Amino acid sequence: MGNNSYIDAAIERFRRNPSDLDSVVDLVGRLRSAGMVDDAFRLCRSVMKLHSGAYEFLIEFAEVLCLRCDAAGARRVFERLTGMNPDRFEAWNGLGALELSEGNLEAADEALKRALELAPDNAEALRNAGNCSAVRGDKTLAADYFERALSRYGKEAVERKGSDAKILAAMAEVHLLLNNYDKALECGKRAASAAPSDPASWSALRKAAVRLRDGESYYRAVIAMINDIRDDDLVMSVRDLRGMGFEREAEELLGYTVKINKKSAMADALPFAESRARELTEVTGGAMEYKIINRKSR
Numbered sequence: 434m435g436n437n438s439y440i441d442a443a444i445e446r447f448r449r450n451p452s453d454l455d456s457v458v459d460l461v462g463r464l465r466s467a468g469m470v471d472d473a474f475r476l477c478r479s480v481m482k483l484h485s486g487a488y489e490f491l492i493e494f495a496e497v498l499c500l501r502c503d504a505a506g507a508r509r510v511f512e513r514l515t516g517m518n519p520d521r522f523e524a525w526n527g528l529g530a531l532e533l534s535e536g537n538l539e540a541a542d543e544a545l546k547r548a549l550e551l552a553p554d555n556a557e558a559l560r561n562a563g564n565c566s567a568v569r570g571d572k573t574l575a576a577d578y579f580e581r582a583l584s585r586y587g588k589e590a591v592e593r594k595g596s597d598a599k600i601l602a603a604m605a606e607v608h609l610l611l612n613n614y615d616k617a618l619e620c621g622k623r624a625a626s627a628a629p630s631d632p633a634s635w636s637a638l639r640k641a642a643v644r645l646r647d648g649e650s651y652y653r654a655v656i657a658m659i660n661d662i663r664d665d666d667l668v669m670s671v672r673d674l675r676g677m678g679f680e681r682e683a684e685e686l687l688g689y690t691v692k693i694n695k696k697s698a699m700a701d702a703l704p705f706a707e708s709r710a711r712e713l714t715e716v717t718g719g720a721m722e723y724k725i726i727n728r729k730s731r
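Each position in the sequence shown, counted from 1, maps to that position plus 433 in my numbering.
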């Protein structure tokens, strides 16, 4: 793994007080967002006896089960929660998203309508309802839901001074659904800048940059935050740049990975990466230094 600053603080809070519900929920959410699903699952199991009746914890647990492709298990938890507190929208929203992913469109539509009855301005529920409408073929309704979701995300971003990576990444995803690729790229870059080690932020940036074939912006965004990017995202960035035809940028980025000693990214990025890594290691005697091409000299 690369830099895990995104979850380090949450881990420390949990260690200080493992029985604190807020600390557990926060850490599970961050592990889940960082793609550390097995770790999140093990954490949930370890504290299940303490928090088995806590709505917030069970919501996170259900989301983890979704990511583990345990639809049946997640459905049981969501349905338990809708019975436990039918007037909270979160479980209805989660259940609707799950049913949509399973292709159960009627059940998804029913759950998401209930979620929006309880929270008509919730951006996540609006986005899920938009996805459901799009799959059902109602593009007009889908666009309406997406526009409403985008408006709500925008208000939340203003309220939080535009620095919340999750909101910015979500805005980027909705812009992508509306084919607003330039706006998606801008939100993606802001999200990645706010949380460089959060995979969701990089996903939004990557999708927009690749769709626009804007390797220059992509390259600059990666370089600006290279010390904080996870190795997996750095690997993907090199692949993306090559895939878009930005060979020089891909190789320069690879050079930076050598310079800052990101060995796993350097070795795994592409077939040419291994030979380049060996070559540079031999040339520098293992010092892992690499002269970056001056872009202004082209």
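Idealized CB from N, CA, C, for every residue including glycine.
These numbers were taken from a predicted model, which means no experiment stands behind them.
Cutoff 8 angstroms; reference residue i; Cβ partners in own chain excluding five residues on either side
i: H608; result: L583, Y614, K616, A617, C620 and A641
i: G676; result: V643
i: F490; result: L454, V457, V458, V461, C477, V480 and H484
i: K622; result: L638, S650 and A654
Distance CB(residue i)-CB(residue j) smaller than 8 angstroms
i: R547; j: W525; result: yes
i: A590; j: A624; result: no
i: A654; j: L638; result: yes
i: L533; j: V568; result: yes
i: V497; j: R465; result: yes
i: L551; j: A562; result: no
i: G529; j: C565; result: yes
i: P629; j: D664; result: no
i: G468; j: P632; result: yes
Buried or exposed by the 16-neighbour rule on C-beta atoms within 10 Å, applied to residue i
i: R585; result: buried
i: G486; result: exposed
i: M481; result: exposed
i: T573; result: exposed
i: E445; result: exposed
i: M517; result: exposed
i: R475; result: exposed
i: R644; result: exposed
i: N612; result: exposed
i: R646; result: exposed
i: E493; result: buried
i: G718; result: The predicted position of G718 is uncertain, since its pLDDT is 38 and thus under 50; no value can be drawn from it.
Whole-angstrom distance between residue j and residue i, CA atom to CA atom
i: D577; j: L610; result: 12 angstroms
i: A598; j: M604; result: 10 angstroms
i: D459; j: D441; result: 11 angstroms
i: R478; j: Y488; result: 15 angstroms
i: S626; j: M658; result: 7 angstroms
i: G648; j: E606; result: 19 angstroms
i: S650; j: E557; result: 28 angstroms
i: F679; j: L538; result: 41 angstroms
i: G527; j: E684; result: 42 angstroms
i: S634; j: L483; result: 32 angstroms
i: C502; j: D453; result: 28 angstroms
i: V470; j: L500; result: 7 angstroms
i: A386; j: E523; result: Limits of the chain in this structure are 434 at one end and 731 at the other, which puts residue 386 out of reach.
i: A495; j: I656; result: 36 angstroms
i: R513; j: P451; result: 25 angstroms
i: E592; j: N555; result: 15 angstroms
i: I600; j: P553; result: 17 angstroms
i: D571; j: M669; result: 34 angstroms
i: S636; j: T515; result: 31 angstroms
i: F579; j: P519; result: 25 angstroms
Close-in-space but distant-in-sequence residues of the same chain around residue i (CB under 6 angstroms, 5 per side omitted)
i: E682; result: G648, Y652 and L674
i: A720; result: For A720, the predicted model reports a pLDDT of 36, less than 50, meaning its position is unreliable; a value from the coordinates is still stated below. There are no such residues.
i: A443; result: D459, L460 and R463
i: A575; result: G563, S566 and A567
Other residues of its chain near residue i: CB distance less than 7 angstroms, five sequence neighbours each side excluded
i: A504; result: L531 and E535
i: F447; result: S456, V457 and L460
i: R449; result: none
i: R581; result: L559
* Asked: Is it true that the stretch 499-509 meets the stretch 541-550, where meeting means three or more beta-carbon pairs spaced less than 8 angstroms apart?
  -> The stretch 499-509, when compared against the stretch 541-550, does not touch it at the 8 angstroms Cβ threshold.
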